[in-house]
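Chemist: Would you mind keeping the following structure in view while I ask a few things?
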């Protein structure tokens with residue numbers, strides 16, 4: 038932890054609010070978003086101090102060269118956009134925490150923005166009070182000049198006029214900015230650990246049960262088709278352009294900027310592997326996990342059903358997977374459905390895919406047949422391409438669709454898909 042700023046003459050309007058909001062942020066968001074908000078503390082002298090867990094030299098936005106300022110603003114935009122998308126998803130599901138998270142600033146003034154080793158850090162992100170005029174609250178989006186703060190020499194900011202910058206929270210990110218932000222977020226994720234700390238007192242396990250109801254059987258379908266090698270932000274138009282091109286032409290166009298963008302990291306496969314690790318570690322140990330992957334249009338691979346003791350083996354196997362060839366989604370649904378009962382006992386299939394079946398089969402018809410034969414089987418679809426091409430699978434079986442191309446949200450989305458499938462009918466109130 039390091040102190041970024043010490044301020045005289047200011048106090049928190051609601052002393053408990055920052056801790057409450059940050060607990061929610063760390064519960065639902067990855068650390069790249071959690072670390073966006075500096076930690077307020079009252080120092081020994083009674084001055085308000087702002088601290089961060091980020092390491093590196095804190096520098097005010099105005100201290101940076103123009104190119105670094107632009108990069109920092111882009112990262113801030115990406116973080117706040119991801120946060121806004123997450124809050125919108127929580128609101129759709131009726132999550133009470135969404136209303137509290139809406140209190141976070143969506144258009145913070147750049148006077149409150151610092152860079153710590155290139156990462157954005159916001160101070161004064163909650164309402165403040167001036168101790169000289171306690172009745173006057175200061176909004177987190179209001180401009181507060183540096184002259185009102187006593188800053189340590191390592192992080193003093195020049196007191197010059199600020200440019201106003203409004204974050205387009207609900208607008209799509211430009212492709213280039215998204216790639217930059219996603220890469221930055223990706224490089225801060227640990228490979229085999231949960232991506233952010235969770236509140237043990239507030240988070241239910243993904244599966245819980247009483248003495249009378251057995252836990253549902255659980256199988257995952259993990260897409261290993263060739264399209265998973267593409268960049269996480271690849272559009273349907275770009276994907277069609279890529280796969281409609283003959284192999285020899287792809288080799289000739291290896292230096293084409295569009296080709297390089299599609300083949301740059303992070304790939305769909307890499308993001309999926311990280312998210313799958315988070316899902317496995319979050320699932321209740323009493324639930325065994327089945328795994329089905331692809332092997333081109335010729336066959337699918339049933340890797341088996343893994344107990345809690347076998348989960349390290351499962352994770353190791355998933356991280357060794359390579360993506361290649363076609364998408365036998367319909368065939369994999371048939372194989373996964375064959376691994377569970379779905380008639381006398383509840384069952385769940387979680388399909389982690391990036392599009393529709395590509396092997397001349399109708400996944401919608403297959404899902405309809407599965408729903409008829411196994412009425413207690415639900416399929417939740419996590420669509421990493423956000424194309425909507427496989428939504429019918431969830432619709433036919435009473436499941437739900439979770440779609441995003443945002444690397445910041447995919448781990449959260451996958452865990453939520455598992456929680457939605459496994460806990461709704463099996464947890465006590």
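Residue numbers (my numbering): 38 to 466.
No residue lacks a Cβ here, since even glycine has one placed at the ideal position from N, Cα and C.
My guess is that residue 88 and residue 39 are in contact by the Cβ rule of under 8 Å, so how many angstroms apart are they, rounded?
Modeler: 7 Å
Chemist: Alpha carbon to alpha carbon, how far is residue 162 from residue 84?
Modeler: 17 Å
Chemist: Check residue 300 in the structure and name its three-state DSSP category.
Modeler: helix
Chemist: Cα separation between residue 48 and residue 133?
Modeler: For residue 48 and residue 133, the distance between alpha carbons rounds to 28 Å.
Chemist: What's the gap between the Cα of residue 425 and the Cα of residue 143?
Modeler: 28 Å
Chemist: Alpha carbon to alpha carbon, how far is residue 106 from residue 116?
Modeler: Taking the straight line from one Cα to the other gives about 15 Å.
Chemist: Quick check on residue 254: buried or exposed, where buried means 16 or more other Cβ atoms within 10 Å of its Cβ?
Modeler: By the 10 Å Cβ count, residue 254 comes out buried.
Chemist: Does the pairing of the region 342-350 with the region 292-306 give three or more beta-carbon distances under 8 Å?
Modeler: no
Chemist: If contact is defined by three or more beta carbon pairs under 8 Å, each pair taking one atom from either stretch, is the region 386-393 in contact with the region 254-267?
Modeler: yes
Chemist: Can you list, in chain order, the stretches of the alpha helix (DSSP H) that have 4 or more residues and sit fully within the region 116-166?
Modeler: Complete alpha helix (DSSP H) runs here, min 4: 134-138.
Chemist: Using 10 angstroms around the beta-carbon of residue 329, count the other beta-carbons present and answer buried if the total reaches 16, otherwise exposed.
Modeler: The residue in question, residue 329, is buried, as its Cβ has 16 or more Cβ neighbours within 10 Å.
Chemist: Pick from 149, 112 and 318: whose alpha carbon is nearest that of residue 164?
Modeler: Ranking 149, 112 and 318 by CA distance to the CA of residue 164 puts 149 first.
Chemist: Between which two residues does the beta strand (DSSP E) carrying residue 326 extend?
Modeler: 326-332
Chemist: Please work out which residues of its chain come closer than 8 Å, Cβ to Cβ, to residue 310, disregarding the five sequence neighbours upstream and downstream, and give them in chain order.
Modeler: 355, 356 and 358
Chemist: May I ask you to verify whether the region 272-279 touches the region 400-412, counting CB pairs closer than 8 Å and requiring at least 3?
Modeler: no
Chemist: Quick check: the region 292-301 against the region 334-345, are at least 3 beta-carbon pairs closer than 8 Å?
Modeler: no
Chemist: Starting from the Cα of residue 45, find the closest Cα among 81, 145 and 436 and give me that residue.
Modeler: 81
Chemist: So within the region 312-391, which uninterrupted alpha helix (DSSP H) runs reach at least 4 residues, ignoring any that extend past its ends?
Modeler: 348-356 and 366-374
Chemist: Which residues in the same chain as residue 400 place their Cβ atom closer than 8 Å to its Cβ, once the five residues preceding and following it in sequence are excluded?
Modeler: 366, 367, 370, 393, 394, 427, 429 and 430
Chemist: If you measure between the beta carbons of residue 414 and residue 388, is that distance less than 8 Å?
Modeler: no
Chemist: Quick check: what's the CA-CA separation for residue 191 versus residue 97?
Modeler: Here the model assigns residue 191 a pLDDT of 35, short of 50, so the residue's position is not dependable, and the following value carries that caveat. Near 10 Å, if we compare the C-alpha coordinates of residue 97 and residue 191.
Chemist: Here's the rule: buried if 16 or more other CB atoms are within 10 angstroms of the residue's CB, otherwise exposed. What is residue 168?
Modeler: Exposed, because fewer than 16 other Cβ atoms sit within 10 Å of the Cβ of residue 168.
Chemist: How many whole angstroms separate the CB atoms of residue 314 and residue 352, which I take to be in contact at a CB cut-off of 8 Å?
Modeler: 6 Å
Chemist: What three-state label does DSSP hand residue 310 in the structure shown?
Modeler: helix
Chemist: Among the residues of its own chain, which have a CB less than 8 Å from the CB of residue 295, if the five just before and after it don't count?
Modeler: 275 and 278
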